[in-house]
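Numbering follows UniProt numbering, in which position 23 of the sequence shown is assigned residue number 23; successive positions increment by one, without gaps.
Positions of the beta carbon are idealized from the N, C-alpha and C atoms, including for glycine.
Following: one structure in structure tokens, then a few remarks.
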Amino acid sequence: MMERIEIDPKKMGGKPVIKGTRIPVYFILELLANGWSFEEILENYPQLTKEDILAAIRYASIILKEEQYVEVSG
1 MMERIEIDPK KMGGKPVIKG TRIPVYFILE LLANGWSFEE ILENYPQLTK EDILAAIRYA
61 SIILKEEQYV EVSG
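Here it is in structure tokens:
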């Protein structure tokens with residue numbers, strides 16, 4: 001999966017992108033969250049593959065799984 005994700009400070013401010021593109025992982029997730037199908041994403045962004053979309057989802061899952069929560073009292 002990580003062979004499809006690239007983090008480079010010179011691209012998109014270091015945000016994770018699909019390797020070989022300037023398409024950030026968060027953008028793909030936003031499209032999916034807004035109801036776009038895989039087919040619609042691939043039609044509108046032909047530089048992507050189904051595997052790229054799946055890699056973005058897996059990457060987000062890994063990040064969220066490792067995320068630590070800190071309770072803030074107010």
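Our two residues, E3 and L64, have alpha carbons roughly 19 Å apart in a direct line. With contact defined as three or more Cβ pairs closer than 8 Å, the stretch 39-50 and the stretch 15-25 are in contact. Annotated three-state conformation of I18 is strand, per DSSP.
Partner residues in the beta bridge of P24, as assigned by DSSP, are V17.
Around L31, the same chain offers I41 as residues with beta carbons nearer than 7 Å, after the five sequence neighbours per side are excluded.
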